[in-house]
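Residues in the sequence shown are numbered from 727 upward in steps of one, following this note's numbering. Just so you know, even glycine gets a beta-carbon here, dropped at the ideal spot from N, CA and C. These numbers come from a predicted model, not from an experiment. Inspection log for the structure reproduced underneath, given as structure tokens.
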Amino acid sequence: MYFCYVKTNKKQHTKKAILEALEKSLGVVTTACKKVSINRSTFYKYLKEDQEFAKQVKDIENIALDFAESQLHKQISEGNTTATIFLLKTKGKSRGYVERSEIVHDNQIKSTIIEWTPPRKLSKNVIDNSTTLSDQTKDSKSIKEEQGQEKQ
């Protein structure tokens with residue numbers, strides 16, 4: 727019984743040390759694990775098994791994101807065009823600042839009927855390779871007359 731208590735206490739101490747190291751490394755897992763001398767697999771095991779630990783890790787990740795966003799806003803205020811474009815492409819998508827279209831599939835099937843009309847029948851003169859340009863550029867009235875004659 728005593729052994730189990732010591733092991734649990736050590737695990738809690740290790741988790742606390744990881745959380746402190748994560749804060750200092752702005753959420754970089756590898757850096758935090760090296761500082762505490764544990765394997766990354768141990769960190770992910772704790773993350774999977776302990777909901778409270780996972781919540782604290784998520785809070786640290788959000789703090790790191792807040793810090794990164796504040797640095798981005800600082801660069802924008804200093805006139806950094808690249809930072810401005812990046813923010814617009816990520817946060818300004820709803821306002822049209824995108825380079826590509828995103829298709830959202832809502833699991834509905836829509837059917838569209840497309841009518842195909844066969845090309846009109848060309849006169850023999852137009853098909854013949856030896857015809858001149860003037861033969862090919864007949865006005866619509868003469869083409870209609872030829873089509874009427876072919877029907878008879």
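* Contact check, K815 vs E825 under 8 Å by CB: the rounded distance? -> 7 Å
* Kindly list the residues whose CB is nearer than 7 Å to the CB of T740, restricted to its own chain and excluding five residues on each side of it in sequence; keep chain order. => V762 and I764
* Pairwise C-alpha distance: K784 and N882 -> Residue 882 lies beyond the residue range present for the chain, which begins at 727 and ends at 878; the question has no answer from this structure.
* Does the segment 795-809 come close enough to the segment 773-787 to have 3 or more Cβ pairs within less than 8 Å? -> no
* Could you check where the alpha helix (DSSP H) with D785 kicks off and where it finishes? -> Q777 to S803
* Asked: Does DSSP classify E825 as helix, strand or coil?
  -> coil
* To do: With DSSP as the reference, label L814 as helix, strand or coil.
  => helix
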